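Residue numbers (this note's numbering): 122 to 337.
Cβ atoms here follow ideal geometry from the backbone N, Cα and C, with glycine treated the same way.
Since the model is a prediction, treat every value here as computed from it, not as a measurement.
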C-alpha cells in the first residue's frame with residue numbers, strides 16, 4: 122500500500138487554485154487522450170467501464186459518478202485502514218474531495234476532471250503502460266502498481282498528476298475533524314473570529330462592533 126503523507130490538517134485542508142496540468146503540447150495531448158478514450162463508442166476497451174460506487178445522497182457538485190468512483194478507489198489505496206484512524210468511508214473522503222474541488226476555480230475543476238478520466242482510462246493505460254483495464258477494476262495490488270508508476274514516471278505530466286491527486290486525497294482526509302484527534306490536532310480555536318466570544322482571538326484585527334484585537 123502507498124499511504125498518504127501525514128500532512129498537518131491545516132495544510133491539508135485546501136488545494137492550490139492554480140492549474141496543475143498545463144504541460145504544453147504533451148500535456149494537452151495526454152489530457153485529450155484521456156477524454157477521447159471515454160468518448161469511444163465501440164471496441165473492447167470501451168466496454169471496460171468504470172466500476173461505480175454509490176453516490177452520497179447529498180449529490181456531487183463537480184465530479185461525475187465515474188470520477189467520484191476513481192477518487193474513492195484512489196483513496197482506498199492511499200489511506201488504508203490503520204489503528205486509531207477512522208476509515209475513509211466514515212470520513213467520507215471522496216465526498217470531501219468533491220467539496221474541495223467545488224471551492225476551486227473552474228479551470229482547476231476541469232483539469233482535475235480530465236486528470237481523473239486519464240487516470241482511469243483503459244485506452245490511455247494501454248498506450249502509456251500496456252494496461253488494458255480501468256483503474257477502478259484492478260486488484261488492490263495492481264492499483265498500487267499504477268499509482269507507483271504515476272509517482273515515478275519519466276513524464277512530468279504524470280508525476281504532477283500524481284502529486285495533485287495525492288494533495289486532493291490528503292486534504293479530503295486529514296482536513297476532516299474526524300481525523301484530527303488521531304494526529305493530535307486540537308482544531309481551530311473555538312472563539313476564532315467570533316465577535317461575541319469573551320476573549321477576541323482574531324489576532325491584531327479589530328473586534329467587529331468595536332474594541333481592539335486581543336482584548337475582551
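Candidates the options: closest to residue i by CA position
i, options, result
"residue 182", "298, 217 and 287", "217"
"residue 231", "303, 180 and 184", "184"
"residue 411", "303, 238, 213 and 212", "Any answer about residue 411 is impossible in this case: the structure gives the chain only from 122 up to 337."
"residue 303", "203, 174, 178 and 171", "203"
"residue 279", "233, 263 and 226", "233"
"residue 170", "224, 228 and 259", "259"
"residue 288", "263, 192 and 226", "192"
"residue 172", "254, 306 and 263", "254"
"residue 242", "292, 284, 290 and 264", "264"
"residue 292", "266, 224, 228 and 262", "224"
"residue 220", "306, 305 and 290", "290"
CB contact flag (residue i, residue j, <8 angstroms)
i, j, result
"residue 180", "residue 240", "no"
"residue 257", "residue 215", "no"
"residue 300", "residue 201", "no"
"residue 294", "residue 209", "yes"
"residue 286", "residue 222", "no"
"residue 297", "residue 176", "no"
Requested in this report: Report yes or no: do three or more beta-carbon pairs, one from the region 186-197 and one from the region 269-276, lie closer than 8 angstroms?
Outcome: no
Requested in this report: Would you check if the region 256-272 and the region 300-311 touch, i.e. whether three or more CB-CB distances between them fall below 8 angstroms?
Outcome: no
**Report entry** Sequence ranges, alpha helix (DSSP H) only - wholly within the region 212-262, length at least 4
**Finding:** 214-223, 227-241 and 243-250
**Report entry** Every unbroken beta strand (DSSP E) within the region 168-200, with a cutoff of 3 residues, ordered by chain
**Finding:** none
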